Amino acid sequence: MVKSREWSRKTREEVITLHRKGNGYKKIAKMLNIPRETIGSIIRKFKAKGTVETLPGRGRKKMLTLTAVCYLKRRVEKGPRVTAEELRKDLPDVGTEVSAQTIRRTLRNEGLHARTPRRTPLLSPKNKKSRLQYAKSHVDKVASYNHQ
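Mapping of the sequence shown onto my numbering: residues 203 to 350, in sequence order.
Structure (structure tokens):
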């Protein structure tokens, strides 16, 4: 038979309390109107785990190994402008193949954010000169000039 639902924490604690007082499975089952087999499974679980709490499931296995994550972190710290796509292409060397999104998520969880390089071009000497000239010509303007 498939488990359809869990018993409330309060009920499970009550089962354990009655069991500790020396009551048998049948007696507890009658008192709480719960199947005898359920009483047994609650008590067995308590003896094995030491708690009546709902334990978390095992969950899905990680796509990246600890070694691969360390490799990614080292690579990003060495070259901060490297893209997630470039990192994805390098990962088969470590023995793993995942999507760029998985790499972004992993790096974000490791405290490293925004694996997209800046797109702004570097200033050429000509641009630097013209910007400096513009700034110098406007330095003497009144402060209210900007808010007209």
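Cβ atoms here follow ideal geometry from the backbone N, Cα and C, with glycine treated the same way.
Note that the coordinates shown come from a computational prediction; the quantities given were computed from them, not determined experimentally.
(request) Look at the alpha carbon of Arg-238 and the alpha carbon of Ile-245, and state the distance between them as a whole number of angstroms. (result) 11 Å
(message) With H, G and I counted as helix, E and B as strand and the rest as coil, what does DSSP make of Gly-242?
(response) helix
(request) Express the C-alpha separation of Lys-247 and Pro-409 in angstroms, rounding to a whole number. (result) One cannot answer for residue 409 here, as it falls past the ends of the chain, which runs 203 to 350.
(request) Work out the CA separation of Thr-240 and Arg-222 for me, nearest whole Å. (result) About 16 Å.
(request) Leaving aside the five residues before and after Pro-327 along the sequence, list all residues of the same chain whose C-beta is less than 6 Å from its C-beta, in chain order. (result) Result list for Pro-327: empty, nothing under 6 Å.
(message) I'd like the span of the alpha helix (DSSP H) that includes Ala-286, first residue to last.
(response) 286-292
(message) For Ala-270, report the span of its alpha helix (DSSP H) as first-last.
(response) For Ala-270, the enclosing alpha helix (DSSP H) starts and ends at 268-280.
(message) Between the alpha carbons of Ile-305 and Met-265, how many angstroms are there, rounded?
(response) 10 Å
(message) Taking only three categories from DSSP, how would you classify Ser-210?
(response) coil
(message) Can you tell me whether Thr-253 is buried or exposed? The criterion is at least 16 other CB atoms within 10 Å of its CB, across all chains shown.
(response) exposed
(request) Kindly indicate which residue of Leu-274, Lys-263 and Lys-228 has the alpha-carbon position closest to the one of Thr-285. (result) Answer by Cα proximity: Leu-274.
(request) Could you work out which residue in Lys-228, Leu-234 and Glu-299 is closest to Glu-215 when comparing CA atoms only? (result) Cα-wise, what sits closest to Glu-215 is Leu-234.
(message) Judging by CA-CA distance, which residue of Val-278, Arg-211 and Gly-224 is the nearest neighbour of Gly-313?
(response) It is Val-278.
(message) Taking only three categories from DSSP, how would you classify His-315?
(response) coil
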